[in-house]
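Residue numbers (my numbering): 19 to 159.
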């Protein structure tokens, strides 16, 4: 598409408005907004003028971008927390097996709730300490 340089901001604004009106999916909006950005290739000065002259369109895209980043951040946090829980569960299982082998299954059962509720740091500490512990009491001191 060929357009005059002086029409660049108006075309960018029209494309942005059309995108916001026609595309209901926020993720696709953001993807297509990237295409619009790449296609128009505005420099810093043009971008500054666009933000001033087309505040409504700019605000809509900024709000969408912020929302999508926040959702992405939340999703990443949830995935990280889930991964951490899974690592903790794996550590707990290993520690329970070690405890059962070293001190007997009844000792592992007695301490199972504490182990399953422990944070990853405690689990790692106990997993190291079990190698030299002479008793369960010494292990959990």
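Built from N, CA and C at the ideal position, the CB exists for glycine as well.
From residue i to residue j, what does the alpha carbon distance come to, in whole angstroms?
| i | j | result |
| --- | --- | --- |
| residue 34 | residue 78 | 9 Å |
| residue 112 | residue 152 | 18 Å |
| residue 55 | residue 49 | 10 Å |
| residue 57 | residue 92 | 30 Å |
| residue 76 | residue 22 | 21 Å |
| residue 126 | residue 159 | 16 Å |
| residue 29 | residue 86 | 24 Å |
| residue 100 | residue 65 | 40 Å |
| residue 143 | residue 124 | 21 Å |
Taking the alpha helix (DSSP H) that residue i falls in, what are its first and last residues?
| i | result |
| --- | --- |
| residue 54 | 44–58 |
| residue 30 | 26–40 |
Taking the alpha carbon of residue i as the reference point, which residue from the options has its own alpha carbon closest?
| i | options | result |
| --- | --- | --- |
| residue 89 | 41, 45, 106 | 45 |
| residue 147 | 53, 124, 120 | 120 |
Since residue i contacts residue j with CB under 8 Å, what's their CB separation in whole angstroms?
| i | j | result |
| --- | --- | --- |
| residue 68 | residue 60 | 7 Å |
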